[in-house]
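A.B. asks:
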Amino acid sequence: EALLTVLWSATFAGLLQERVRSAVHQFLLQEIVPQFDELGGDLLPLASTSASQEAEDPKINMDLGDRLVIYKPPGWEVDTTISPGP
Numbered sequence: 099e100a101l102l103t104v105l106w107s108a109t110f111a112g113l114l115q116e117r118v119r120s121a122v123h124q125f126l127l128q129e130i131v132p133q134f135d136e137l138g139g140d141l142l143p144l145a146s147t148s149a150s151q152e153a154e155d156p157k158i159n160m161d162l163g164d165r166l167v168i169y170k171p172p173g174w175e176v177d178t179t180i181s182p183g184p
């Protein structure tokens, strides 16, 4: 996670050297991708349209201090209607 943050920051700042990018790419292909392959494709649940999922609300999956990872259920949309204040 920290490595990806540093890589993103360096890329955003235009400071990521090609040799570093290439080394990380090779590392991911040789070390990380095979671990995902061993899981047999069970990384993400299949989408379902059951009634229980339709009523599901978004939730915080991870709090990283300076950012959040939020799960948004299939079909969920932000309410764009204006409601009166208190």
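Start counting the sequence shown at 99; every next residue gets the next number (the working numbering). All C-beta atoms in this analysis are idealised placements derived from N, C-alpha and C, irrespective of residue type, glycine included. Nothing here was measured: the structure is a model prediction, and the numbers come from that model.
Is the beta carbon of Leu105 sitting closer than 8 Å to the one on Val131?
C.D. replies: Your numbering for residue 105 matches position 7 in the sequence shown. Your numbering for residue 131 matches position 33 in the sequence shown. Not a contact, by the Cβ cut-off of 8 Å.
A.B. asks: Quick one: does Leu162 have its CB under 8 Å from some CB of chain D?
C.D. replies: In the structure shown, chain D cannot be found, because there is only a single protein chain.
A.B. asks: Just to confirm the assignment, what range does the beta strand (DSSP E) spanning Val167 have?
C.D. replies: Sequence index remark: in the sequence shown, residue 167 carries index 69 (1-based). Per DSSP, Val167 belongs to the beta strand (DSSP E) from 166-169.
A.B. asks: Using DSSP with H/G/I as helix, E/B as strand and the rest coil, what is Ile158?
C.D. replies: To locate residue 158, count along the sequence shown from 1; it is residue 60. Here Ile158 sits in strand by DSSP.
A.B. asks: Is the beta carbon of Pro156 closer than 8 Å to that of Pro171?
C.D. replies: Working through the sequence shown from its first residue, we reach residue 171 at position 73. Working through the sequence shown from its first residue, we reach residue 156 at position 58. Against a cut-off of 8 Å, the Cβ pair of Pro156 and Pro171 comes out as a contact.
A.B. asks: Note the first and the last residue of the continuous alpha helix (DSSP H) segment covering Ala121.
C.D. replies: In the sequence shown, counting from the first residue as 1, residue 121 sits at position 23. 116-125 is the span of the alpha helix (DSSP H), which, as asked, contains Ala121.
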